[in-house]
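> Here the sequence shown stands for residues 13 to 658, numbered as in the working numbering. Pasting in a structure now, in structure tokens, and then I'll have a few things to ask.
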Amino acid sequence: MAIVKMDKFNLFSFENNRKSLLDILQKFNYVHFNDLVVDEKEDYLKKVSNQDNLTRIDEKRSKLEYAINSIEKFLDKEEKSSLTKKDMSLDNLYKEGENFRFDEIYPQLKEYIDIRDKSQDKIKNLKAANEELESFKALDLDINSIENSHRFFVEIGSIADQFYKDFDQDLVKKDFKTALVVDLSKKDSLNYLIAISSLEEAKDFREFLRDHGFSKANIKTKKKVSEKIALNLEEIENLDKKLKDSEEKIKQMKIFLPDFYLYQTYLENLRKKEASSEFFIKTKRIDFVEGYIPHNLNDKFKKDLKEVLGEDFVLDIKEADKDDPDVPVILDNNKLIKPYESVVETYSLPKYNEVDPTLLVSIFYTIFTGFMLGDLGYGLILFIGTILLRKYKDLPESTDKMARLFTRVGLSGCVFGLIFGSFFGGIIPLPGLIDTQKDFNTLMVISLIIGGISLFTALGVKAYMLIRDGDPLGAIFDVLLWYMAVGGAIALYLLDGSGKNVAKIIMIIGMIGIVLTGGRENKSVGGKVAGGLYSLYGMSSWIGDFVSFLRLMALVLSGGFVAYSVNLIVGMLWPAGILGKIGAIIVFVIFQLFNLFLSTLSAYVHSLRLVYVEMFNKFYEGGGKKFRQMIENSKFINIITGGYNG
């Protein structure tokens, strides 16, 4: 429910201590470096470059990824499910990573992969060659003797069906004295043949063949075609044995897969550490680096540096300037609302001087999605499904966070499903407070009320930020006056009698106040008036904001009507005997699941829209920088670290 407080540090140390410094900083983990720029005039300063090391690491990472992908193809379903995440310390990760014999194992694996790939390519080429040769199998002659004949003209090839009929007729009309065409075979739309003539008629006959679409074949053998096919089949058989043998040897390398995953995590973290040195600038002997750490880790940071560097460093550390755009952001929320951080991050992290909107998002996003889903059955599937998914699957952190978010969405859907009395669109009647099939006006009013509460709450957050930053007048001008103008307009519409007059007065005071203060940042009187009038014109956008919340009603109705329609079809099929009952069950399961998917997707997307466009527009700018930690977890390795609270 807050942004973690940061301290900015400047650190000077000796260049020969750089490796030890990087080691302890990575172990500390919560260090975010600024990317410093060296002025050309400061020729005594240089950026640290570590490209040689990074290139070597990247080459290994590329080889490792290739090795892992090659082995993973041979994992069966059971083996994949047996792969679990392993917890280990950073020290143990480096120890095991440095001792792993990857440079010995990889060439062996690469040899097996190369044999397999070459065998596959050769088999593919030989099969293609045989397929081509099959068309000339009837030619039981030595191809070499035919093509090298000096006594007559011979060409072997094919003619497409579209030209063949004319070719046959024109050959008779042409009346060659010595020409002969022998059909060998037909495949698809091609007619394969051998064309023979005397040398005297060769020129005219060749031209005749070309005019009729004759395509000369390139038969890649000097033997009889049938002999070449047999030889190719024999070679394919030998290559297939070689292929299976190489694949079996690759399968045996599966025992190294857990080590490969560990080594992959080791290389990722080694690269991150080595790349961090490029944030340093240096003189001949001194390194300098600037960055941020969480305020609560201030003492630990100093202690760790002293343990490794002794007295050979100078550290200047102070509270980060809240208006500094370079200050990185860590969101600090409890387990209940932490999943909603992904909703905030999808839009943009808050700047360091803003408020963390996660709590606000958690409340309203849950209401929005639950209202739109609005079905007990759908909510239960989401709720139970995501719980089981997290229990039986080792999910990456980001996926796990999303699963926890949908657990909450499912629970909210259950609550609103009970309110609407909807269980899979009414397949089982439930008593509800609101009937979505009839109470359209009630749904519309509730949607607008939820919208009004959301918008006014968002505006209230803006007031809090202005007061917190020492601008109470800004809170009056930019928030209170809008409460009066918009709230007064709503009350004017809803109230009667004396209440209506009071609402009118409040609205007018608010509108006059907006005109007088809306352009206060402009210097000229004309600019102030124009700015004020333009601000008041912005009141029209509130109509669009309120109307936008009618999507709450629209989506719960659309999902409900689809579910209801499915149930009608099921009701018609059910009485029609065994086949009818089977059909009804199939229709119910498939189309209710499809509607669940559409309803959940719609609720997810449209709730984001309401949060991002309608609510954030009132107080939230975003654009904060994400805090870069120095430790990188992976799919199968979780590195044990301390938290950012000390």
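Ideal placement from N, C-alpha and C gives every residue a C-beta, glycine not left out. None of these values were measured; they are calculated from a predicted model.
For Thr-529, which residues from the same chain have a beta carbon less than 6 Å from its beta carbon, with the 5 sequence-adjacent residues on both sides left out?
Closer than 6 Å at Cβ, skipping near neighbours: Phe-489.
> Give me the residue from Leu-445, Ile-379, Glu-366 with the minimum Cα distance to Tyr-616.
Ile-379
> So, helix, strand or coil for Ala-14, using DSSP?
strand
> Could you tell me which residues DSSP pairs with Ile-431 in its beta bridges?
Residue pairing by DSSP leaves Ile-431 without any beta bridge partner.
> Quick one: Cα of Asp-223 to Cα of Phe-606, how far?
59 Å
> Going by C-alpha to C-alpha distance, which of Thr-398, Ile-241, Asp-412 sits closest to Glu-353?
Asp-412
> When the Cα atoms are used, what is the spatial distance from Glu-90 to Glu-260?
Distance between Glu-90 and Glu-260, taken at the CA atoms: about 18 Å.
> Does Val-301 come out as helix, strand or coil in the three-state DSSP assignment?
strand
> Have a look at Asp-180 and Leu-243 and give me their C-alpha separation to the nearest angstrom.
The C-alpha of Asp-180 lies about 35 Å from the C-alpha of Leu-243.
> Please report the distance separating the alpha-carbon of Thr-67 from that of Lys-256.
One C-alpha to the other measures close to 35 Å.
> So, under 8 Å CB-CB, Lys-58 and Val-49 are touching, yes? Tell me the CB distance rounded to an integer number of Å.
Wrong, their Cβ atoms sit about 12 Å apart, outside the cutoff.
> Can you tell me which of Phe-220, Lys-330, Gln-120, Lys-512 puts its alpha carbon nearest to the alpha carbon of Lys-186?
Phe-220
> Taking the alpha-carbon of Leu-343 as reference, which of Gly-322, Asn-365, Asp-336 has the nearest alpha-carbon?
When only C-alpha atoms are compared, the closest one is Asn-365.
> Straight-line CA distance for Ile-518 to Lys-512?
10 Å
> Round the Cβ separation of Thr-653 and Asp-406 to the nearest angstrom and send it over; I've been treating them as touching at under 8 Å.
Between Asp-406 and Thr-653 the Cβ distance is about 19 Å, and since that is not below 8 Å, they are no contact.
> Mark Gln-264 as exposed unless 16 or more other C-beta atoms lie within 10 angstroms of its C-beta, in which case mark it buried.
Around the beta carbon of Gln-264, fewer than 16 other beta carbons lie within 10 angstroms, which makes this residue exposed.
> In angstroms, rounded to a whole number, what distance separates the CA positions of Ile-231 and Ser-94?
52 Å
> What are the uninterrupted segments assigned as alpha helix (DSSP H) that are 4 or more residues long and contained completely in the region 437-509, given in chain order?
Runs found: 452-480, 484-487, 493-506.
> CB Glu-280 to CB Glu-52, shorter than 7 Å?
Going by C-beta atoms, Glu-280 is not nearer than 7 Å to Glu-52.
> On the DSSP bridge list, what partners appear for His-44?
Tyr-304
> Beta strand (DSSP E) containing Asn-203: first to last residue?
202-210
> Could you give the distance in angstroms between the alpha-carbon of Phe-628 and the alpha-carbon of Ala-470?
7 Å
> By the DSSP assignment, the beta strand (DSSP E) with Ala-242 in it spans what residues?
Counting along the chain, Ala-242 falls outside any beta strand (DSSP E), though it belongs to the alpha helix (DSSP H) covering 237-264.
> Which runs of the alpha helix (DSSP H) spanning at least 4 residues fall entirely within the region 503-555, listed in chain order?
The qualifying runs are 509-529, 537-549.
> Assign Gln-276 to buried or exposed, taking buried as 16 or more other Cβ atoms, counted over all protein chains shown, within 10 Å of its Cβ.
buried
> What did DSSP end up calling Asp-338 once you bin it into helix, strand or coil?
coil
> Which two residues bound the contiguous beta strand (DSSP E) that contains Ile-651?
Element bounds for Ile-651: 649-651.
> Three-state secondary structure (DSSP) at Asn-365?
coil
> Give the range of the beta strand (DSSP E) segment to which Ala-615 is assigned.
Segment 589-621 is the alpha helix (DSSP H) holding Ala-615; no beta strand (DSSP E) there.
> Quickly, what does DSSP pair Ser-227 with across the bridge? List them, please.
Ser-170
> Assign Leu-23 to buried or exposed, taking buried as 16 or more other Cβ atoms, counted over all protein chains shown, within 10 Å of its Cβ.
Buried, since its Cβ has 16 or more Cβ neighbours within 10 Å.
> What residue range is occupied by the uninterrupted beta strand (DSSP E) comprising Ser-329?
Looking at the sequence provided, one finds Ile at residue 329 rather than Ser. That run of the beta strand (DSSP E) goes 325-331.
> Going by DSSP, what residues sit across from Ser-25 in a beta bridge?
Asp-299, Phe-325
> Just to confirm the assignment, what range does the alpha helix (DSSP H) spanning Leu-394 have?
388-404
> Which residues does DSSP list as the beta-bridge partners of Phe-165?
Ser-209
> Distance check for Thr-398 and Ser-459, CA to CA, integer angstroms please.
28 Å
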